[in-house]
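Chains A and B, in that order, are what the protein sequence lines are. Under the working numbering, the first sequence has 63 at position 63, and the numbering climbs by one with no breaks. Under the working numbering, the second sequence has 158 at position 45, and the numbering climbs by one with no breaks. Okay, so here's the structure we're looking at.
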Amino acid sequence: DAGITQSPRHKVTETGTPVTLRCHQTENHRYMYWYRQDPGHGLRLIHYSYGVKDTDKGEVSDGYSVSRSKTEDFLLTLESATSSQTSVYFCAISDSNGPGRQFFGPGTRLTVL
Amino acid sequence: QKEVEQDPGPLSVPEGAIVSLNCTYSNSAFQYFMWYRQYSRKGPELLMYTYSSGNKEDGRFTAQVDKSSKYISLFIRDSQPSDSATYLCAMSESDGNQFYFGTGTSLTVIP
Numbered sequence: 001d002a003g004i005t006q007s008p009r010h011k012v013t014e015t016g017t018p019v020t021l022r023c024h025q026t027e028n029h030r031y032m033y034w035y036r037q038d039p040g041h042g043l044r045l046i047h048y049s050y051g052v053k054d055t056d057k058g059e060v061s062d063g064y065s066v067s068r069s070k071t072e073d074f075l076l077t078l079e080s081a082t083s084s085q086t087s088v089y090f091c092a093i094s095d096s097n098g099p100g101r102q103f104f105g106p107g108t109r110l111t112v113l
Numbered sequence: 114q115k116e117v118e119q120d121p122g123p124l125s126v127p128e129g130a131i132v133s134l135n136c137t138y139s140n141s142a143f144q145y146f147m148w149y150r151q152y153s154r155k156g157p158e159l160l161m162y163t164y165s166s167g168n169k170e171d172g173r174f175t176a177q178v179d180k181s182s183k184y185i186s187l188f189i190r191d192s193q194p195s196d197s198a199t200y201l202c203a204m205s206e207s208d209g210n211q212f213y214f215g216t217g218t219s220l221t222v223i224p
């Protein structure tokens, strides 16, 4: 998985609780992305980062926040989880040589009860 | 209307068949086109990456881009049971910071 790890790999939580997902890369790539994947919707971009402390919103950013304090780590936080955020979350990285290829992590399966 | 449309299938073919997977899109600014393969409960894996129009071949896989028709294709020759997976198309504009994905086509290759 191109030097990308995600933690946790599985999580079950209750509505209203905060949740943080972590993405860690060893490739020193500049761009990092968080997607969610749901049946019938495919992969949808939540947030992305183009450098340390530089982030921007994607297509489905409501209810999510991100932080990137180091090149290798990109955190996704659900401040107050809802059942509609039950999904599989993928982190991806892209090399910095202009529009690059994306490489994906193994995913985190999140269930919000 | 979604930016990228992809027939979800499922598609079932016998081993050795030629498989054709397709996506259409509406944004004429898309310049970069990708195909990913995703096995069940795994992350997507990059298969093919092309820029602008034309063909690109890599082993049994050929990617075609027709920007005038806003249509891209992935052909798999001599399909194998190990090709059974979901195939996702993706594309981006020139800045490459945001990628738009199709919903994926599920393929089963029957031995």
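Here a beta-carbon is modelled for each residue, glycine too, at the ideal position from N, C-alpha and C. Computed from a predicted structure; not experimentally measured.
Query	Result
Of the residues that make up the region 40 to 58 of chain A, which ones have a beta carbon closer than 8 Å to any beta carbon in chain B?	Gly-40, His-41, Gly-42, Leu-43, Arg-44, Leu-45, Tyr-48, Tyr-50, Asp-56, Gly-58
Among residues of its own chain, excluding the 5 on either side of Met-147(B), which ones have a beta-carbon nearer than 6 Å to its beta-carbon?	Tyr-162, Ala-203
Between Pro-224(B) and chain A, is there a C-beta pair that is closer than 9 Å?	no
With a threshold of 9 Å between beta carbons, is Asp-68(A) in contact with chain B?	In the sequence on display, residue 68(A) carries Arg and not Asp. No, its Cβ sits nowhere closer than 9 Å to a Cβ of chain B.
For Gln-37(A) versus Phe-74(A), is the C-beta spacing smaller than 9 Å?	no
Using a Cβ-Cβ cutoff of less than 6 Å, which residues in the same chain neighbour Phe-214(B) once the five nearest sequence positions on both sides are dropped?	Leu-201, Ala-203
Note the first and the last residue of the continuous beta strand (DSSP E) segment covering Ala-203(B).	198 to 205
Give me the subset of the region 180 to 207 of chain B whose CB atoms are less than 9 Å from a CB atom of chain A, sorted by chain position.	Leu-201, Ala-203, Ser-205, Glu-206, Ser-207
With H, G and I counted as helix, E and B as strand and the rest as coil, what does DSSP make of Ser-84(A)?	helix
Is DSSP giving Ser-139(B) helix, strand or coil here?	coil
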